[in-house]
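K.L.:
First, the structure itself, so that you have it in front of you.
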Amino acid sequence: MFKGNGVVLGLEHWWGRDANAFHRNLSEPTTPYKRALAYPTKAAYLKRRGYPPCTDHNSRNMASAAAAANLGSSSSSLKRPGKKPNINCSLQTPSTLHFPKQSTTYTSSSTTISTPTPTPTTKHPKLDTPSPVAPSPKQQQTQWNFLQSAAAMALDAVETALVSHERQHPLPKTADPRVQISGNFAPVPEQPVVQDLPVTGKIPDCIQGAYLRNGANPFHEPVAGHHFFDGDGMVHAVQFKKGSVSYSSRFTETNRLVQERGLGRPLFPKAIGELHGHSGIARLLLFYARGAFGIVDPSHGTGVANAGLVYFDGHLLAMSEDDLPYHVRVLPSGDLQTVGRYDFDGQLKTTMIAHPKVDPVSGELFALSYDVVQKPYLKYFRFSPDGKKSPDVEIPLDQPTMMHDFAITERFVVVPDQQVVFKLPEMIRGGSPVIYDKNKMARFGILDKNATDASNIRWIETPDCFCFHLWNAWEEPETDEVVVIGSCMTPPDSIFNECDESLKSVLSEIRLNLKTGKSTRRQILSEADQVNLEAGMVNRNLLGRKSRFAYLALAEPWPKVSGFAKVDLSTGEVHKYIYGDQKFGGEPLFLPRDPNSEREDDGYILAFVHDEKEWKSELQIVNAMNLKLEATVKLPSRVPYGFHGTFIGAKDLEKQA
1 MFKGNGVVLG
11 LEHWWGRDAN
21 AFHRNLSEPT
31 TPYKRALAYP
41 TKAAYLKRRG
51 YPPCTDHNSR
61 NMASAAAAAN
71 LGSSSSSLKR
81 PGKKPNINCS
91 LQTPSTLHFP
101 KQSTTYTSSS
111 TTISTPTPTP
121 TTKHPKLDTP
131 SPVAPSPKQQ
141 QTQWNFLQSA
151 AAMALDAVET
161 ALVSHERQHP
171 LPKTADPRVQ
181 ISGNFAPVPE
191 QPVVQDLPVT
201 GKIPDCIQGA
211 YLRNGANPFH
221 EPVAGHHFFD
231 GDGMVHAVQF
241 KKGSVSYSSR
251 FTETNRLVQE
261 RGLGRPLFPK
271 AIGELHGHSG
281 IARLLLFYAR
291 GAFGIVDPSH
301 GTGVANAGLV
311 YFDGHLLAMS
321 EDDLPYHVRV
331 LPSGDLQTVG
341 RYDFDGQLKT
351 TMIAHPKVDP
361 VSGELFALSY
371 DVVQKPYLKY
381 FRFSPDGKKS
391 PDVEIPLDQP
401 TMMHDFAITE
411 RFVVVPDQQV
421 VFKLPEMIRG
431 GSPVIYDKNK
441 MARFGILDKN
451 ATDASNIRWI
461 ETPDCFCFHL
471 WNAWEEPETD
481 EVVVIGSCMT
491 PPDSIFNECD
501 ESLKSVLSEI
511 RLNLKTGKST
521 RRQILSEADQ
531 VNLEAGMVNR
541 NLLGRKSRFA
551 YLALAEPWPK
561 VSGFAKVDLS
571 TGEVHKYIYG
581 DQKFGGEPLF
591 LPRDPNSERE
601 DDGYILAFVH
611 DEKEWKSELQ
621 IVNAMNLKLE
631 ATVKLPSRVP
641 YGFHGTFIGA
651 KDLEKQA
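Numbering (full-length UniProt numbering), first residue to last: 1 to 657.
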């Protein structure tokens, strides 16, 4: 998931679809959290607002539209002139978004200057229960001198003009917050730990520990464009301990979040939603200017840590590929605590992608780091089981390329060099820096895991192949082939750039012949069974080894996930588990019942599921062998759709650093 190299819409809860309506009555609760307490269900809110009961998606949108129409032009909303949005996805129809006006006060030891914000913003409310993390000095009110205060005021005036100009043009769907973070893609406040959650069914005895899932959860409302991938990282945790189940969710306290929360507004650029065209260049210059005056400090990272999670050497790491990982600790109570930005005791000097691989046999961690600005564009490195880093291996590339994921085998690292690339000069021409280069030949590089340089890397061409995620890879010595399992996505850049063609994600087997230097590719599912499969895994005890099954999200209707598929990778046989009527989830996590089990599928699938009719969330536990529901954990608050997760066993929780 591209975040740039060193380079958020706090939509309200579901009542934010009719966010303007509360102005009809001054006694209406004025913050999302207060409205959550006042109106625990959608029905309660709509009844309070005088709308008839809504029983389907369209009627809910009609009610929201009616509310906006009744307010006329007096509301301050993110309306943009131009063509009507062409929304070819299952995200809800755009609602009118209201941004109440407020001012930002800059304080210094000698001067206080109050200026209007570039665009009105509303700070997310904080829960009454304090976070287990004590506020750091960076979270306190910044003390500025007169020059800094004057510079802040001048730069805010420039941003005001920039935002005014941007709002004269329609946003693409890929940067429109009304599309990107509506419905259950919208953010939530932190949830302090809640114990003894209600359970339906019986939780298998082997499930002891913590299930954790990362996701994008913007803390502030956007001032302009916003992509779902741009949000601040929030980790959701369900702990199973001595027959009791708890839940909590906490922001990962990144350098970016701490500064923006202290300043009360977003100031760091959003890599996908904002950095395109001339306005993207202007936003970068604004950010650099604020950094030069000490208004913001990017020196300790600018990432959001919202994508991946991995447990390695006693550390739970939250990651996005625009920064170093962040160390998050699971407390004995089940709550979460950000320890800080983690550089492996000073060994890691560069960013690390969000999908490092832990070899289940050797215990080593393998990773890549890519740069979109300067060479070397790609580096490979590994860590020993006790956290000792190898020297970087610079892999020569002609241009910076998106590498969200990669794969390992017993002996090799499999590096995808595909057709989605970064071309920063495209911004000068008014476009996005993330583009699909049709003239580039996609290829995979095969590199020895223990290589000290890239001189022996073997590149094998794979025409028109773009895999956002790779599920597994293994060697077949009898044919001199490396087999790669991934979901081939078309159009390749559809996640980042608006296009009319419907997205397809095809589960594929790619064979790389080391003897001939040729490749073949086959669609694993039959044409009749073809569905979009994205986000998932194999049994991680077989990572890098030949595996029979993959458990992948049924990404339909795209981008929602209606269930998951258990796919036999050799035969193409597929079995589907559907979450239920108007219930959607995300990545299925496979948890082996016993690492020594003879059956590869002997285990359970864990997945967060949201009921869009009742507006409630739960954790479903499904038997992976027969796809029967074993247990459901009712959660105390909404869990937005998110990204990737992991499971930490009870013994490993006790060994955390």
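From the three backbone atoms N, C-alpha and C, an ideal C-beta is built for every residue, glycine too.
Return the first residue and the last residue of the beta strand (DSSP E) that Arg382 is part of.
P.N.:
378–383
K.L.:
Please identify the residue among Lys440, Asp405, Arg443, Asp437 whose C-alpha is closest to the C-alpha of Phe468.
P.N.:
The shortest Cα separation from Phe468 among Lys440, Asp405, Arg443, Asp437 belongs to Asp405.
K.L.:
I'd like to know whether the C-beta atoms of His610 and Val639 end up nearer to each other than 8 Å.
P.N.:
yes
K.L.:
Could you tell me whether the segment 309–326 touches the segment 342–351, using the rule of 3 or more Cβ pairs below 8 Å?
P.N.:
yes
K.L.:
Among the residues of its own chain, which have a CB less than 6 Å from the CB of Asp176, if the five just before and after it don't count?
P.N.:
Around Asp176: no qualifying Cβ.
K.L.:
Restricting to Cα atoms, I'd like to know which of Ala555, His220, Thr646, Arg283 is closest to Ala535.
P.N.:
Ranking the options by Cα distance to Ala535, first place goes to Ala555.
K.L.:
Glu612 lies in the beta strand (DSSP E); which residues open and close that run?
P.N.:
Counting along the chain, Glu612 falls outside any beta strand (DSSP E), and DSSP gives it neither H nor E.
K.L.:
Looking only at DSSP bridge pairs, what is Ser526 linked to?
P.N.:
Note: Ser526 sits in no beta bridge, so no partner.
K.L.:
Look at Leu197 and Ile648 and say whether their C-beta atoms are less than 8 Å apart.
P.N.:
no
K.L.:
Just how far apart, CA to CA, sit Asn214 and Ile457?
P.N.:
33 Å
K.L.:
Whose C-alpha, out of Glu166, Ile395, Val622, Leu447, is nearest the C-alpha of Ala407?
P.N.:
Leu447
K.L.:
Would DSSP call Ser369 helix, strand or coil?
P.N.:
strand
K.L.:
Starting from the C-beta of Phe643, find all residues in its chain whose C-beta is less than 6 Å away, skip the five residues before and the five after it, and write them out in chain order.
P.N.:
Asn214, Gly215, Ala307
K.L.:
Is DSSP giving Leu589 helix, strand or coil here?
P.N.:
Leu589 falls in the strand class under three-state DSSP.
K.L.:
CB-CB under 6 Å to Ser390, same chain, minus the five flanking residues each way: which ones, in chain order?
P.N.:
Phe381, Arg382
K.L.:
Taking the straight line between their C-alpha atoms, what separation do you get for Cys488 and Gly233?
P.N.:
26 Å
K.L.:
Compare the beta carbon distance of Val238 and Leu512 with 8 Å and say whether it is the shorter of the two.
P.N.:
no
K.L.:
In chain order, what residues of the same chain have a beta carbon less than 7 Å from the beta carbon of Asp480, not counting five sequence neighbours either side?
P.N.:
Asn513, Leu514, Lys515
K.L.:
What would DSSP say about Pro400, mapped onto helix, strand or coil?
P.N.:
Here Pro400 sits in coil by DSSP.
K.L.:
Any beta carbon from chain D within less than 8 Å of Gln143's own beta carbon?
P.N.:
Checking the listed chains, one finds no chain D in this structure; it contains a single protein chain.
K.L.:
Which one of Lys518, Val163, Asn532, Val413 has the shortest CA to CA distance from Arg283?
P.N.:
Residue nearest to Arg283 within the set Lys518, Val163, Asn532, Val413 is Val163 (criterion: CA-CA distance).
K.L.:
Along the beta strand (DSSP E) that carries Gly645, what are the first and last residues, could you check?
P.N.:
645–649
K.L.:
Roughly how many whole angstroms lie between the Cα atoms of Glu253 and Gly340?
P.N.:
If I take the Cα positions, the gap works out to 7 Å.
K.L.:
Please determine, among Arg593, Gly291, His315, the residue with the shortest C-alpha to C-alpha distance to Pro345.
P.N.:
Inspection of the sequence shows that residue 345 is occupied by Asp rather than by Pro. When each option's Cα is compared against that of Asp345, the closest is His315.
K.L.:
Take Ile621 and list the residues in its own chain whose beta-carbon comes closer than 8 Å to its own, dropping the five residues that flank it on each side.
P.N.:
Apart from the 5 residues on each side of it in sequence, Ile621 sits with its Cβ closer than 8 Å to the Cβ of Gly201, Ile203, Pro204, Ile207, Tyr604, Ile605, Leu606, Leu629, Glu630, Ala631, Thr632, Val633 in its chain, given in chain order.
K.L.:
Between Asn626, Ser617, Lys655, Arg167, which lies nearest to Tyr247 when the distance is taken from Cα to Cα?
P.N.:
Ser617
K.L.:
When the Cβ atoms of the segment 569–585 are set against those of the segment 521–534, are three or more pairs found closer than 8 Å?
P.N.:
yes
K.L.:
To the nearest whole angstrom, what separates the beta carbons of Leu155 and Ala289, a pair I think is in contact under 8 Å?
P.N.:
6 Å
K.L.:
For Ala650, which residues of its own chain have a beta-carbon under 6 Å away from its beta-carbon, when the five flanking residues on both sides are left out?
P.N.:
Gln208, Gly209
K.L.:
Do you know how far the Cα of Met441 is from the Cα of His165?
P.N.:
38 Å
K.L.:
Quick one: grab the DSSP three-state call for Met427.
P.N.:
helix
K.L.:
Helix, strand or coil for Gly563 per DSSP?
P.N.:
strand
K.L.:
Taking Gly586 as the reference, give the member of Ser547, Tyr641, Pro595 with the closest Cα.
P.N.:
Tyr641
K.L.:
Under the DSSP definition of a beta bridge, which residues are partnered with Cys467?
P.N.:
Cys488
K.L.:
Straight-line CA distance for Val420 to Met402?
P.N.:
Taking the straight line joining both Cα atoms gives about 6 Å.
K.L.:
How would you label Ser597, buried or exposed, when you count the other beta carbons within 10 angstroms and need 16 or more for buried?
P.N.:
exposed
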